[in-house]
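Some notes on the structure that comes next.
2 protein chains.
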Amino acid sequence: MMNSDRHKRAVEELTKIAGEVYDQLDAGRIPKMTIPLRTKSNIRFDPKSAVWKYGKATGARSAKKLRGAQMLLRTMYMLEFIEDMIKNSKSSTLREMYYISEGWEKAKFTAQDESNMLAEDLEIITACMREDFKLRPEEDGARVMGNITIQETDRKGKKKRINCRDDVGDSGYGIPYNVEKEKIEFVDCDADFIIAIETGGMFDRLVENKFDEDSNAIIVHLKGQPARSTRRFIKRLNEEMKLPVCTFVDGDPWSFRIHASLAYGAIKTAHLSEYLATPTAEYIGITASDILNYDLPTDKLNDRDIQALNSEKTDPRFKDQFWKHEIDLMLQIGKKAEQQALAKYGLDFVTDTYLPEKLTELSIIK
Amino acid sequence: MMNSDRHKRAVEELTKIAGEVYDQLDAGRIPKMTIPLRTKSNIRFDPKSAVWKYGKATGARSAKKLRGAQMLLRTMYMLEFIEDMIKNSKSSTLREMYYISEGWEKAKFTAQDESNMLAEDLEIITACMREDFKLRPEEDGARVMGNITIQETDRKGKKKRINCRDDVGDSGYGIPYNVEKEKIEFVDCDADFIIAIETGGMFDRLVENKFDEDSNAIIVHLKGQPARSTRRFIKRLNEEMKLPVCTFVDGDPWSFRIHASLAYGAIKTAHLSEYLATPTAEYIGITASDILNYDLPTDKLNDRDIQALNSEKTDPRFKDQFWKHEIDLMLQIGKKAEQQALAKYGLDFVTDTYLPEKLTELSIIK
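Protein chains in written order, with this note's numbering: chain A, 48 to 413; chain B, 48 to 413.
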């Protein structure tokens, strides 16, 4: 990955943090860092942007206590490691950084949670993204199929134009971990909307049934709870190519959350909701009404499902009439269904009947 | 996917099964099907081919009892479903087939295990592969990076040439679920060996460090326990392009099994070992000796690890001196290590030091 202004800004922001700690030490004060409190009570649903954000409560990480001092020391080591990576055009997984810290002596992490958390803290303080620090997760990127041409700047800095339908095999284009402008540019696109799909089986079904061509759609595989790069990729397509987004997932409380995190953000990434969330995304996954209307094969809700549905009843992301009704109905019938359950009516039912009906209802297709 | 001689043969073999059942009924006999016993005791390590195979014990599935009759009925429905798919150039996930059976009345499956098992039974009886029946798993294909040009016949029958280094983004070429000759042909390849890698983080590390270019390697991501298509892809590359294969995995008993299943086959797919297994594959994953020699960060073996190591001591796939020594040593030191633990010495240690040392030792590079 090549460096860009975003990486330069990241270095500046990180240097600023180190500078502040240095200044405090220089003035004979015990150094400390101020960061927003990362507790559930400090996360609020912002009605204006329709996404989740951190509130105004902050906490201080002071070197007065051993634990705080150790965290500050780790922060300093981490700043240096990130600067080195940016200088050398390298990147690292969060797991590798954890092992790299073996060489940091007293600042060594004792569990991966600690290093992941510190990476998130730095995102919050600097308002940069982990990707700007050259830190990436283990997760695989998802796949894309449809008539969009992207330009990817590859590891050697070479620009490659790839049409996500004509230049790839049937498994589609693999989304890289960094999808910011210096890595991915959208060159050309002939599509009416994006359909984001939970399971690989359903992605392959739509690809085999040529749903991308017949319905002028971009098909994106979410792979369960979507990775940050997948959410950001969809967000950018939505904003820059003006494509409406719909999510097609299983009909159970966990899949409702997949939709909500794509549309409104997740607690863990509340500081990045404006980068990652697509609040206009429409739900076209399986609903309790679908289970009844289409007489779908179902499984019984288990205790964890029921608990999750009840907790969604107080989740601001599910507060409108549609969700109130569907969550209550699901609790009432006590059943859930997978998206592949539509195969009850044959392999083409989903593309010939179900999706056209749902998409017309939402005016996504005419 | 287009049809080929393999699909024609699959239809013939399936018709033969239906024919036999019909003939038995016509002669006034209670129909039955004979299949190899799929018990662990009927699997043996075949020293000649160095892979796992079924033995000669067989069992009969007779319609005398209700359960047997139901299985025969299901088989007939499934034969028809498969024939239809082949006729219409469609394919189906195993999950979709399970839901399709909703329309089979008395033959409806009550759990996915039943339908998966029946698909495997048909593979064994016909000596065809699930892929010949147009049945595919949910699993995602793995990724490939390196200087090999493949020709993929896409869903529309169009032949596409894709170089897995020059024509793809940094996430590589995605292996489709069917990798047989009518779908994938190897056109051209300039590489000395294949390195199959357990984790996505390490795959991306080797890609970022340009290990494919610098060491003339094809890098394949296994994604944990590899899918059938990944094993078959590697097997074909090994045989047709004469490329040696090495597996680079974590240092724990579960990763030893990933290597063993790639090299010698797995119990679940013992009837397909000759198609899937690459018995000449060399292990270059983390060993107990590596943990000591490179002083790697480790985790303690837990009870399940210890149990797994002990059971590997009687597994014929681990019977040579190398494995005897390494398994005993791991039990003795009581520790395991991840492949990313090599990052202790920096992000380039794996490609600059560890892999060259291991590959030279095994004479894979000179």
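Ideal Cβ positions, reconstructed from N, Cα and C, are used throughout, including at glycine.
Practice problem: Consult DSSP for Asn349 of chain B and reduce its assignment to one of helix, strand or coil. | Solution: coil
Quiz prompt | Residues of its chain near Pro403 of chain B, where Cβ-Cβ distance is below 6 Å and the 5 sequence neighbours each way are ignored | solution = none
Quiz prompt | Neighbour list for Asp201 of chain A in chain B, Cβ cutoff strictly below 8 Å | solution = Gly216 and Asp217
Quiz item: Straight-line CA distance for Lys360 of chain B to Lys366 of chain B?
Solution: 7 Å
Practice problem: Measure from the alpha carbon of Lys79 of chain B to the alpha carbon of each residue in B:Ile305, B:Asp160 and B:Ala65, then state which is nearest. | Solution: B:Ala65
Practice problem: Ignoring anything shorter than 3 residues or poking outside the stretch 51-91 of chain A, list the beta strand (DSSP E) runs there in chain order. | Solution: 79-83
Quiz item: At what residue ranges does the stretch 263-296 of chain A contain a whole run of the beta strand (DSSP E), taking only runs of 3 or more?
Solution: 264-268 and 292-295
Quiz item: In angstroms, rounded to a whole number, what distance separates the CA positions of Met49 of chain B and Ile129 of chain B?
Solution: Confidence is the limiting factor: at Met49 of chain B the pLDDT is only 49, short of 50, which leaves the residue's position unreliable and the question unanswerable from this model.
Exercise. Check whether the Cβ of Val234 of chain B lies closer than 8 Å to any Cβ atom in chain A.
Key: no
Self-check item: CB contact below 8 Å: Ile222 of chain B versus chain A
Solution: yes
Practice problem: Show which residues of chain B have a CB atom less than 9 Å away from the CB atom of Thr140 of chain A. | Solution: Thr246, Gly247, Gly248, Met249, Asp251, Arg252, Gln387 and Ala390
Quiz item: Residues of chain B with CB under 7 Å from Glu149 of chain A, in chain order?
Solution: Pro344 and Lys391
Quiz item: What number of angstroms, rounded off, separates the C-alpha of Ala97 of chain A from the C-alpha of Asp235 of chain B?
Solution: 52 Å
Quiz item: Under the three-state reduction of DSSP, which class applies to Ile241 of chain A: helix, strand or coil?
Solution: strand
Quiz prompt | Whole-angstrom C-beta distance between Glu199 of chain B and Pro184 of chain B, which should lie under 8 Å | solution = Incorrect: roughly 19 Å between the Cβ atoms, too far for contact.
Self-check item: Residues of its chain near Gly312 of chain A, where Cβ-Cβ distance is below 7 Å and the 5 sequence neighbours each way are ignored
Solution: Val98, Trp99, Ser320, Leu323 and Ala324
Quiz item: Should Ile209 of chain A be flagged as near chain B, meaning a C-beta pair shorter than 8 Å?
Solution: yes
Practice problem: Can you say whether Ile77 of chain B is buried or exposed, counting buried as having 16 or more other CB atoms within 10 angstroms of its CB? | Solution: exposed
Self-check item: Backbone secondary structure at Met43 of chain A - three-state DSSP
Solution: The requested residue 43 of chain A is not part of the displayed model; chain A covers only 48 to 413.
Quiz prompt | Thr334 of chain A (DSSP reduced to helix, strand or coil) | solution = coil
Quiz item: So what does DSSP say about Met48 of chain B, is it helix, strand or coil?
Solution: Caution is warranted here: a pLDDT of 43 is assigned to Met48 of chain B, below 50, making its placement in the model unreliable, and the coordinate value is therefore given only provisionally. Coil, per DSSP.
Quiz item: From which residue to which residue does the alpha helix (DSSP H) around Lys366 of chain B run?
Solution: Counting along the chain, Lys366 of chain B falls outside any alpha helix (DSSP H), and DSSP gives it neither H nor E.
Quiz prompt | The beta strand (DSSP E) enclosing Ile231 of chain A, as first and last residue numbers | solution = Ile231 to Cys236
Practice problem: For Asn256 of chain B, I'd like the list of residues in its chain whose CB is within less than 7 Å of its CB, leaving aside the five on either flank, ordered along the chain. | Solution: Asp395 and Thr398
Exercise. Drop a sphere of 10 angstroms on the beta-carbon of Glu329 of chain B, count the other beta-carbons inside from all chains shown, and report buried for 16 or more, exposed for fewer.
Key: buried
Quiz item: Just the Cα atoms here: how many angstroms apart are Ser218 of chain A and Met192 of chain A?
Solution: 8 Å
Self-check item: chain E contacts from the stretch 112-142 of chain B (Cβ-Cβ distance under 7 Å)
Solution: The structure shown contains no chain E; its protein chains are A and B.
Quiz item: What residues in its chain sit with their C-beta under 7 Å from that of Leu11 of chain A, if we drop five residues either side in the sequence?
Solution: The displayed coordinates of chain A run from 48 to 413. Any statement about residue 11 of chain A would go beyond what the structure contains.
Quiz item: Using a threshold of 7 Å, is the CB atom of Ile411 of chain A nearer than that to any non-hydrogen atom of the ligand COA?
Solution: Here there are no bound small molecules, and the ligand COA is not part of this structure.
Practice problem: Name, in chain order, the residues that DSSP records as bridge partners for Arg208 of chain B. | Solution: B:Gln198
Quiz item: Buried or exposed: Thr157 of chain B, going by 16 or more other Cβ atoms within 10 Å of its Cβ?
Solution: exposed
Quiz item: Within 10 angstroms of its Cβ, does Tyr69 of chain A collect 16 or more other Cβ (buried), or is it exposed?
Solution: exposed
Exercise. Please list the partners that Gly188 of chain B has in chain A, where partner means a Cβ-to-Cβ separation under 8 Å.
Key: Ser218
Quiz item: If you compare alpha carbons, which of A:Lys405, A:Tyr220 and A:Asp362 is closest to Ile195 of chain A?
Solution: A:Tyr220
Exercise. Report yes or no: is there a C-beta of chain A within less than 8 Å of the C-beta of Lys347 of chain B?
Key: no
Exercise. Thinking Tyr146 of chain A and Gln387 of chain B are a contact (beta carbons under 8 Å), I'd like their distance in whole angstroms, please.
Key: 6 Å
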